[in-house]
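First residue of the sequence shown: 456, per the numbering used here; consecutive thereafter.
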Amino acid sequence: MAAEVKVKKGAFEQGNPTAVENQNALAEGIMQIFKPAVEELDDKVLSVRQSQVELREQIDKLSQDLHRLSELQEIPVDLEPYVKKLMNSRRRVMLVNNILQNAQERLGRLHQSVTRETAKRKALLEPSEF
Numbered sequence: 456m457a458a459e460v461k462v463k464k465g466a467f468e469q470g471n472p473t474a475v476e477n478q479n480a481l482a483e484g485i486m487q488i489f490k491p492a493v494e495e496l497d498d499k500v501l502s503v504r505q506s507q508v509e510l511r512e513q514i515d516k517l518s519q520d521l522h523r524l525s526e527l528q529e530i531p532v533d534l535e536p537y538v539k540k541l542m543n544s545r546r547r548v549m550l551v552n553n554i555l556q557n558a559q560e561r562l563g564r565l566h567q568s569v570t571r572e573t574a575k576r577k578a579l580l581e582p583s584e585f
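So this is what it looks like as structure tokens:
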């Protein structure tokens, strides 16, 4: 039984060309499966971030308009609670935007890592010229 384990273990060692080719094929297949999903997710995150920037700008504009309106009105209307709610919403939008930015950066690093690893494995498969 110990001999069987050694034979099986030896089949997956780096020195075995078939094992290396199998690992490279597996890595390439995994990359082909995940790459479109990662790119789509990255595009959607970018789209959400852009819409959040627009939302934040609209919140800022509305807040300024409310301040001007409260200054111009003869009848005092307490708009301060609404301005505070808007500012709280703006803060939450910014927090979500930061989280999305971090996730997008992680996805970018993951994509680069997978690309580098794939390039390394392809280089190992290609015969070198000496």
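Where a beta carbon is used, it is the ideal one built from N, C-alpha and C, also for glycine.
{"Check": "Buried or exposed for S518, please, with buried defined as at least 16 other CB atoms from any protein chain shown within 10 angstroms of its CB.", "Outcome": "buried"}
{"Check": "Relative to the C-alpha of E572, which residue among S525, E476 and E483 is closest?", "Outcome": "E483"}
{"Check": "Pick helix, strand or coil for L517, following the three-state DSSP scheme.", "Outcome": "helix"}
{"Check": "Could you have a look at D498 and say whether DSSP puts it in helix, strand or coil?", "Outcome": "helix"}
{"Check": "Between the stretch 528-543 and the stretch 556-571, are three or more C-beta pairs nearer than 8 Å?", "Outcome": "no"}
{"Check": "From R576, A480, H566 and L541, pick the residue whose C-alpha is nearest to that of V495; which is it?", "Outcome": "Note on residue identity: the sequence assigns Glu, not Val, to residue 495. Comparing Cα-Cα distances from E495 to each of R576, A480, H566 and L541, the minimum goes to H566."}
{"Check": "The alpha helix (DSSP H) spanning E535 covers which residue range?", "Outcome": "E535 to L580"}
{"Check": "Using the C-alpha atoms, what's the distance from K540 back to R546?", "Outcome": "10 Å"}
{"Check": "Do you know offhand how far R499's Cα is from V493's?", "Outcome": "According to the sequence displayed, residue 499 carries Lys and not Arg. Roughly 10 Å between the two C-alpha positions."}
{"Check": "Does the stretch 546-555 come into contact with the stretch 505-522, if we say contact requires no fewer than three beta-carbon pairs (one atom in each stretch) closer than 8 Å?", "Outcome": "yes"}
{"Check": "For R576, count the other beta carbons within 10 Å of its own beta carbon; 16 or more makes it buried, fewer makes it exposed. Which is it?", "Outcome": "buried"}
{"Check": "Below 7 Å, is the gap between the Cβ of L501 and the nearest heavy atom of the ligand SAM?", "Outcome": "Annotation note on the ligand SAM: not contained in the displayed structure, which lists no ligands."}
{"Check": "Less than 6 Å between C-beta atoms, sequence neighbours within five positions excluded: which residues of the same chain meet that for D515?", "Outcome": "none"}
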